[in-house]
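Asker:
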Amino acid sequence: MKTRHIVPELRIYKRHLFLKLPKYKSIFKIQSTILKAARDYLYDKGFIELVAPVIAPVTDPGIREAREFDLSYYSEKAVLVTSAILYKLTGLKIHDKIFFVAHNIRKEPIDLRDFTTRLAEFRQIDIEITHIDRDELMRVSEDFLIHVIERVKRERSEELEKLKRELKVPRRPFKRIRFDDAVELVSEDGYGLDSAGELSKEAERYISETHEEPFWIIDFPAKIRGFYYKKKDSEHLLDMDLMYPEGFGEGASGGEREVDPLKVRDRMLETGTDPRKYIWLFEILYEGLPPCSGIGFGLERLTRYITGVKEIIDVTLFPKAPGYLGL
Ligand code: ASP
Ligand code: MG
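For the sequence shown, counting from 1, position 209 maps to 236 in the numbering used here; every step adds exactly one.
1) Does the Cβ of Asp162 lie closer than 7 Å to at least one heavy atom of the ligand MG?
2) Give a yes or no on whether the minimum CB-CB distance between Tyr218 and chain D is below 8 Å.
3) Would you identify the three-state DSSP class for Ser227, choosing helix, strand or coil?
4) Among residues of its own chain, excluding the 5 on either side of Ile204, which ones have a beta-carbon nearer than 6 Å to its beta-carbon?
5) Answer yes or no: do Leu354 and Leu116 have a C-beta to C-beta separation smaller than 8 Å?
6) Measure the Cβ-Cβ separation of His158 and Ala64 and say whether it is below 8 Å.
7) Could you work out which residue in Lys41, Glu186, Leu119 is closest to Thr334 when comparing CA atoms only?
8) Just to confirm my understanding: we take Ile82, look at its own chain, exclude 5 residues before and 5 after, and list those with CB closer than 7 Å. What are they?
9) Which residues in the same chain have their Cβ closer than 6 Å to the Cβ of Gln58, if we skip the five residues on either side of it in sequence?
10) Kindly list the residues whose CB is nearer than 8 Å to the CB of Glu36, restricted to its own chain and excluding five residues on each side of it in sequence; keep chain order.
11) Taking 7 Å as the cut-off, is the beta-carbon of Glu283 closer than that to any non-hydrogen atom of the ligand MG?
12) Using a threshold of 8 Å, state whether the C-beta atoms of Arg161 and Ser280 are closer than that.
13) Specify, as a first and last residue, the run of the alpha helix (DSSP H) that Ala279 falls within.
14) Assess, as a yes-or-no matter, whether the segment 148-158 is touched by the segment 121-128 under the definition of 3 or more beta carbon pairs within less than 8 Å.
15) Taking Arg254 as the reference, give the member of Gly224, Arg31, Asp216, Asp293 with the closest Cα.
16) Just how far apart, CA to CA, sit Asp207 and Phe247?
17) CA-CA distance, Pro346 and Arg145?
18) Helix, strand or coil, according to DSSP, for Gly89 in the structure here?
19) My understanding is that Leu190 touches Ser53, with C-beta atoms under 8 Å, so please give their C-beta distance in whole angstroms.
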């Protein structure tokens with residue numbers, strides 16, 4: 028049976044009954060190679076892998092339309108980690124090039140019509156490096172992505188063929204589009220922003236469909252993204268999203284970090300974040316955090332792009348679509 032003939036409710040709640048489908052076998056063999064290729068690349072370049080927590084006193088508020096999950100943790104209130112960014116910065120005390128394969132848990136809005144891009148639980152290959160700026164981070168990220176794609180093409184050609192995926196190795200450097208220009212571009216064709224001030228899902232899909240190679244959207248408005256990004260000017264950040272082509276949309280977010288504690292506090296106020304929750308981060312910043320940049324590649328979105336499979340629930344072994352518990 029073809030997965031598109033199975034309603035998403037069964038594909039999520041009865042996943043164990045479908046795992047013997049050849050399609051799932053191919054997808055998860057490819058995902059395993061993606062993880063191995065990512066790790067090999069990073070270890071080769073001198074990174075070490077650290078492990079991020081899932082339960083935290085406070086987490087990254089820069090999650091757009093999503094919300095945090097609260098957790099009653101003994102006598103204290105805790106949250107589930109939405110992004111490991113704060114732990115990446117802290118992890119730089121151990122080594123100057125680190126990565127996690129981090130679990131991110133976000134209360135995304137429920138959408139019974141769309142299972143393409145969002146999960147309430149997903150993984151990020153989350154990278155942080157000291158003493159590099161955004162330009163250098165983009166070069167590293169392009170190199171990383173190309174390495175992973177080449178490896179999958181070399182080692183999983185049979186599986187790609189079974190999935191009928193003709194995957195091209197991207198050419199560098201990837202095109203860069205400023206966020207303001209992207210908004211103008213999509214508005215010419217009637218697309219706009221969502222309630223968080225980001226490109227709407229439809230706009231994102233549209234701009235991605237008009238490209239055949241991965242590209243960057245850079246310089247997001249300072250008000251809509253995490254307080255940890257450094258400003259480029261009074262209104263824009265030194266951050267970026269990696270966009271996959273062919274309609275696959277956003278695949279990674281990152282940027283240059285603000286490490287001046289007073290400026291971080293200003294950024295918190297600018298983004299509506301309560302500074303009282305981040306005493307631990309201020310201590311780290313006063314101790315002295317070197318200039319750094321980092322990015323997180325969504326593992327499931329990368330798998331989706333590489334396999335060419337449309338729905339994100341199909342590239343996740345035990346998917347947690349927003350509002351769906353599954354197994
Ligand atoms: N991983 C991103 C970063 O490193 C933050 C995010 O999760 O969106 O900046
Ligand atoms: Mg992102």
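C-beta: ideal position from N, C-alpha, C; glycine also.
Answerer: Taking the structure as given:
1) Not under cutoff, so the answer is no.
2) Structure shown: chain D not included; a single protein chain is present.
3) Per DSSP, reduced to three states, the secondary structure at Ser227 is coil, with no helix or strand assignment.
4) Result list for Ile204: Ile244, in chain order.
5) Not in contact: Leu354 and Leu116 (Cβ atoms no closer than 8 Å).
6) Not closer than 8 Å, so no.
7) Among Lys41, Glu186, Leu119, the Cα nearest to that of Thr334 belongs to Glu186.
8) Only Leu98, Tyr100, Ala105, Leu107 meet the Cβ criterion.
9) The residues are Thr330.
10) These residues qualify, in order along the chain: Tyr351.
11) No, the beta carbon of Glu283 sits no closer than 7 Å to any heavy atom of the ligand MG.
12) No, these two residues do not count as a Cβ contact at 8 Å.
13) According to the DSSP assignment, Ala279 belongs to no alpha helix (DSSP H) but to the beta strand (DSSP E) extending over 276-283.
14) Contact holds between the segment 121-128 and the segment 148-158, because three or more Cβ pairs, one in each stretch, are under 8 Å apart.
15) One point to set straight first is that residue 254 is Phe, not Arg, in the sequence displayed. Taking each of Gly224, Arg31, Asp216, Asp293 in turn and checking the Cα distance to Phe254, the smallest one comes out for Asp293.
16) Those two C-alpha atoms are separated by around 8 Å.
17) Note on geometry: alpha-carbon atoms of Pro346 and Arg145 lie some 10 Å from one another.
18) In this structure, DSSP gives Gly89 a state outside helix and strand, which the three-state scheme calls coil.
19) About 5 Å separates the two Cβ atoms, so the contact holds.
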